[in-house]
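S.K.: Dropping the structure in here first, questions after.
Numbering (full-length UniProt numbering), first residue to last: 1 to 573.
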């Protein structure tokens with residue numbers, strides 16, 4: 001008789017946590033350490049935060065026999081990436097009161113704050129709550145922040161898609177009230193067993209889960225890198241439904257052939273009719289009976305819950321479940337659970353995935369200005385005063401704030417009569433000049449946080465990529481390629497937070513100062529890159545790119561992208 005494999009330690013922690021409560025309250029009360037108990041470090045992820053420490057100071061503190069300099073990162077739940085002017089003003093002050101002060105726009109269309117000490121976690125979350133903001137399930141083994149095409153000017157159906165992102169976010173929230181008890185002082189649970197949860201049960205998902213919704217021709221969210229990719233099919237200005245794709249994910253492990261990045265596989269089309277009003281938690285059971293798309297999304301999670309790998313977390317994402325069951329096997333299981341057959345997928349054409357910088361007007365006559373925010377770090381420095389300008393605009397209540405998955409900020413819903421005033425604020429604080437003058441390749445580049453706070457980092461990310469871009473720009477100019485929109489992305493480890501495997505040029509950290517050079521992704525995000533050279537230092541990177549750019553200029557076909565050129569000449573040639 002074969003022995004049943006043991007579940008991972010995290011699985012045991014989740015099951016024993018009483019609905020994600022664990023001993024978090026006791027950990028917070030322990031004044032002898034800036035950290036929390038080891039089991040609770042897993043559970044607080046579900047509450048929207050990670051414990052971190054300043055890795056730049058580890059050695060110094062170890063020499064002095066001091067505990068690591070612990071702090072916490074908190075990430076907001078902002079489906080579709082939207083804040084009102086009032087909420088931005090609140091975020092500005094909360095960041096200044098409790099964190100490093102830097103507002104970090106993430107690659108999943110939300111914001112996070114770093115450097116929050118343990119005693120300030122609760123005040124921070126209570127302050128966010130006053131602005132109707134929370135961090136529930138932005139980390140952990142649950143559905144995370146739902147992304148959607150960022151730019152309202154892309155299509156008249158943008159508002160409908162944005163609402164769908166919020167409805168999915170509501171649909172997939174866990175039932176536990178632990179967040180409200182621990183952080184917002186709701187009355188604690190009085191029963192031995194936690195609240196029943198038909199979706200997550202007491203074990204939640206095997207690993208994190210990500211959902212994205214795109215409106216062609218824009219693929220600004222890299223939709224196929226998500227566990228679930230929903231692609232809007234729009235005819236005559238109306239959404240007819242969505243193509244459903246499953247199994248995308250970026251994370252890998254160095255040296256492990258069992259792990260790999262993967263783009264989602266399209267398995268069919270589902271007609272869609274929008275809900276008349278935003279989904280409420282009390283309406284979920286009814287909606288699951290009447291809305292085929294939301295039912296399908298929900299049941300993809302239940303298939304993953306029941307079939308996903310709970311032994312090896314490195315093999316626990318949906319992509320591995322899809323490949324284990326086979327695409328057709330997964331589809332058959334899904335159709336059994338939803339009670340209907342998926343229709344054949346509709347044709348889709350993506351043309352770009354970069355942000356539309358500067359001024360644009362939508363079908364309602366409102367104006368939008370997309371600001372280039374390098375690596376998503378909103379702060380003031382001697383050249384550009386992002387925070388001051390945004391606070392000024394927010395206090396005047398003349399714009400709302402949206403975020404893109406390319407880590408940029410969109411000043412939104414600006415009336416024509418307010419446009420000139422917004423322009424003057426942007427110019428006064430150097431923002432319009434910064435956006436206009438940045439090179440094309442710099443505007444397309446994104447990086448993960450990496451050092452000094454990410455515990456998984458092997459090499460630098462956001463602190464180094466701007467300097468490397470500065471050295472790549474003259475190489476491009478040498479070959480008269482400075483106007484080419486070539487996507488460059490960098491991560492400090494193989495987990496893929498900045499989606500490096502979907503970049504035409506991807507840098508994946510292997511050791512400090514060294515990166516795997518990944519090449520050949522398709523510019524529209526429909527093909528991943530491949531490993532070109534391993535563990536290169538800066539000199540080697542610049543040398544390789546110099547040679548490749550020279551070949552590109554000489555051998556490229558008409559209008560051929562750099563990614564397509566490398567795919568054709570290096571990997572297929």
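All residues carry an ideal CB built from backbone N, CA and C; glycine is no exception.
#1: Start and end of the alpha helix (DSSP H) containing residue 151?
#2: Three-state secondary structure (DSSP) at residue 2?
#3: For the stretch 464-506, which segments carrying the alpha helix (DSSP H) assignment without a break, of at least 4 residues, lie completely within its bounds, in sequence order?
#4: Taking a contact to mean a Cβ-Cβ separation below 8 Å, would you say residue 372 touches residue 400 in this structure?
#5: With DSSP collapsed to three states, give me the class of residue 186.
#6: Determine, using beta-carbon pairs with one atom in the stretch 56-65 and one in the stretch 361-376, whether at least three such pairs fall under 8 Å.
#7: Which residue comes first and which comes last in the beta strand (DSSP E) that contains residue 51?
#8: Mind checking who residue 559 pairs with in its DSSP beta bridge?
#9: Measure the CB-CB distance between residue 395 and residue 89 and report whether it falls below 8 Å.
#10: Which complete beta strand (DSSP E) runs does the stretch 89-119 hold, if anything under 3 residues is left out?
#11: Compute the Euclidean distance between the alpha carbons of residue 365 and residue 34, then round it to the nearest angstrom.
#12: Starting from the C-beta of residue 429, find all residues in its chain whose C-beta is less than 7 Å away, skip the five residues before and the five after it, and write them out in chain order.
#13: Tell me which residues share the same chain as residue 230 and place their Cβ nearer than 6 Å to its Cβ, disregarding the 5 neighbours each side in the sequence.
#14: Any beta carbon of chain B sitting closer than 8 Å to that of residue 189?
#15: Would you call residue 500 buried or exposed, if buried means 16 or more other Cβ atoms sit within 10 Å of its Cβ?
#16: Among 208, 126 and 244, whose alpha-carbon lies nearest the alpha-carbon of residue 137?
#17: Can you tell me whether residue 239 is buried or exposed, with buried defined as 16 or more other CB within 10 angstroms of its CB?
#18: Scan the stretch 229-311 and note each continuous alpha helix (DSSP H) run of 4 residues or more that stays entirely inside, going in chain order.
#19: Could you spell out where the alpha helix (DSSP H) holding residue 223 opens and where it closes?
#20: Grab the span of the alpha helix (DSSP H) containing residue 360 for me, first residue to last.
#21: Express the C-alpha separation of residue 145 and residue 552 in angstroms, rounding to a whole number.
#22: Which class does residue 23 belong to by DSSP, given the choice of helix, strand or coil?
#23: Leaving aside the five residues before and after residue 435 along the sequence, list all residues of the same chain whose C-beta is less than 7 Å from its C-beta, in chain order.
#24: For residue 568, which of helix, strand or coil comes out of DSSP?
#25: Please report the distance separating the alpha-carbon of residue 530 from that of residue 193.
#26: Are at least three pairs of beta-carbons, each pair with one atom in the stretch 283-293 and one in the stretch 303-314, less than 8 Å apart?
#27: Taking the straight line between their C-alpha atoms, what separation do you get for residue 10 and residue 198?
#28: Which residues bound the alpha helix (DSSP H) around residue 406?
#29: So, at 7 Å on beta carbons, what are the nonlocal neighbours of residue 348 in its own chain, with the 5 sequence-adjacent residues on each side left out?
#30: Hey, would you say residue 502 sits closer than 8 Å to residue 447, going by beta carbons?
#31: Using the DSSP secondary-structure output, state which residues sit across from residue 218 in a beta bridge.
#32: Excluding the five sequence neighbours on either side, which residues of its own chain have a C-beta within less than 7 Å of the C-beta of residue 516, listed in chain order?
#33: Give me the Cβ distance between residue 222 and residue 353, rounded to the nearest whole Å; I'm assuming they're in contact under 8 Å.
#34: Is it the case that the Cβ atoms of residue 301 and residue 167 are separated by a distance below 8 Å?
#35: Just to confirm my understanding: we take residue 483, look at its own chain, exclude 5 residues before and 5 after, and list those with CB closer than 7 Å. What are they?
#36: Does the distance from the C-beta atom of residue 575 to that of residue 175 stay below 8 Å?
M.R.: Judging by the given coordinates:
#1: Premise fails: residue 151 is in no alpha helix (DSSP H) and is neither H nor E.
#2: For residue 2, the predicted structure reports a pLDDT of 45, less than 50, and the residue's modelled location is therefore unreliable. A value from the coordinates is still provided. In the structure shown, residue 2 falls within a coil segment according to DSSP collapsed to helix, strand and coil.
#3: Within the stretch 464-506, the complete alpha helix (DSSP H) runs of at least 4 residues are 465-478.
#4: Residue 400 is positioned such that its CB atom lies no closer than 8 Å to that of residue 372.
#5: It is coil, neither helix nor strand.
#6: Because the criterion of three Cβ pairs below 8 Å is not met, the stretch 56-65 and the stretch 361-376 do not touch.
#7: For residue 51, the enclosing beta strand (DSSP E) starts and ends at 49-53.
#8: None; residue 559 has no bridge partner.
#9: Their beta carbons are under 8 Å apart, which means residue 395 touches residue 89 by this criterion.
#10: Complete beta strand (DSSP E) runs here, min 3: 103-105 and 111-116.
#11: Taking the straight line joining both Cα atoms gives about 51 Å.
#12: Excluding positions up to five away in sequence, the list reads 384, 385, 388 and 389.
#13: Setting aside the 5 residues that flank it on each side, residue 230 is surrounded in the same chain by 213 and 242, each with a C-beta closer than 6 Å to its C-beta; the list follows chain order.
#14: Any reference to chain B falls outside this structure, which holds one protein chain only.
#15: Buried, because 16 or more other Cβ atoms sit within 10 Å of the Cβ of residue 500.
#16: Of the candidates 208, 126 and 244, the one whose C-alpha sits nearest the C-alpha of residue 137 is 208.
#17: Counting Cβ neighbours within 10 Å, residue 239 comes out buried, since at least 16 surround it.
#18: If we require 4 residues or more, the alpha helix (DSSP H) runs fully inside the stretch 229-311 come out as 284-290 and 292-307.
#19: Going by DSSP, residue 223 is part of no alpha helix (DSSP H) at all; its letter is neither H nor E.
#20: Bounds of any alpha helix (DSSP H) do not take in residue 360; it lies within the beta strand (DSSP E) bounded by 358-361.
#21: About 38 Å.
#22: DSSP places residue 23 outside both helix and strand once states are collapsed to three, so it counts as coil.
#23: These residues qualify, in order along the chain: 357, 358, 371 and 372.
#24: Of the three classes helix, strand and coil, the one that applies to residue 568 here is helix, per DSSP.
#25: Distance between the alpha carbons of residue 530 and residue 193: 48 Å.
#26: The stretch 283-293, when compared against the stretch 303-314, does not touch it at the 8 Å Cβ threshold.
#27: Going from the Cα of residue 10 to the Cα of residue 198 covers about 20 Å.
#28: For residue 406, there is no enclosing alpha helix (DSSP H), since its DSSP letter is neither H nor E.
#29: Answer for residue 348: 216, 231 and 243, listed in chain order.
#30: Cβ distance not < 8 Å, so residue 502 and residue 447 don't count as in contact.
#31: In the DSSP output, where bridge partners are listed per residue, residue 218 has 352.
#32: Within its own chain, the residues whose Cβ lies closer than 7 Å to the Cβ of residue 516, once the five positions on either side in sequence are excluded, are 508, 510, 531, 534 and 535, listed in chain order.
#33: By a beta-carbon distance limit of 8 Å, residue 222 contacts residue 353. Their separation comes to about 6 Å.
#34: Residue 301 is not a Cβ neighbour of residue 167, given a cutoff of 8 Å.
#35: Hits under 7 Å: 440.
#36: With the chain covering 1 to 573 only, the question about residue 575 has no answer from this structure.
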